[in-house]
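Sequential numbering from 1 applies to the sequence shown in UniProt numbering.
C-beta atoms are modelled at their ideal positions from N, C-alpha and C, and glycine is treated no differently.
This structure is a prediction, so every number in the text was calculated from the model and none was measured.
So the structure is just underneath, and the comments pick up after that.
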Amino acid sequence: METRSRVRRRLSSQTNGIPSTYRNRTKSTSHKVLCILHYFSRVLSDDPPCGTVTFSRRCLDEPPDFAASTATFNSIAFGTSTTCLIEDAHPDTIQVNFADRFLGGRVLEGGCVQEEILCRIRPEIIVGRLFVEALEPHEALIIEGAERFSRHTGYGSSFQWIGDFDEVRDAGNIR
């Protein structure tokens with residue numbers, strides 16, 4: 001568990017690779033940097049957000065045999081949307097990302113697809129790269145409390161930071 005203050009200190013550390021990340025000087029690159037700068041402007045303000053960001057690694061002893069399973073998921077509501085981006089879904093939804101075995105994918109190498117965008121609009125996730133090793137096929141990482149700070153439009157080379165996002169949280173700061 002990381003306090004927001006410790007997350008802020010770790011994100012500002014030179015050891016996390018951010019200074020060497022954005023050598024490519026494209027318009028989308030400057031917008032990627034704006035997401036990180038906006039995060040710091042918010043957390044260093046007179047009224048910084050408070051709370052806790054929790055990283056939990058979960059491991060299965062043996063992978064389930066889904067082909068032979070008769071289990072049902074009747075109590076879980078699954079859905080898709082053609083009108084809503086994942087990050088704009090209701091705050092009580094669980095967001096699942098499985099694109100890369102490394103937390104954040106290529107967020108520190110300049111990538112800008114779903115996983116990297118998630119880390120840019122919720123930059124507190126990036127700090128997990130300091131202590132979360134590559135995930136194995138039987139592992140999952142659960143992150144709770146990583147606040148969304150930015151709005152964006154676009155994907156890949158069309159990515160643009162378009163402003164602040166003020167996330168309404170419950171009292172326990174848990175997603």
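query, result
"Cβ of R106 within 8 Å of any chain D Cβ", "You won't find chain D in this structure, because it holds only one protein chain."
"8 Å Cβ cutoff met for E124 and V53", "yes"
"Three-state secondary structure assigned by DSSP to residue 190", "Limits of the chain in this structure are 1 at one end and 175 at the other, which puts residue 190 out of reach."
"Beta-carbon gap between R122 and R148 smaller than 8 Å", "yes"
"Beta bridge counterpart(s) of S81 as assigned by DSSP", "Looking at the DSSP assignment, S81 forms no beta bridge with any residue, so it has no partner."
"Simplified DSSP state of D88, which is helix, strand or coil", "helix"
"Strand pairing of E139, partner residues [DSSP]", "C59"
"Buried or exposed (CB count within 10 angstroms, at least 16 for buried), I162", "exposed"
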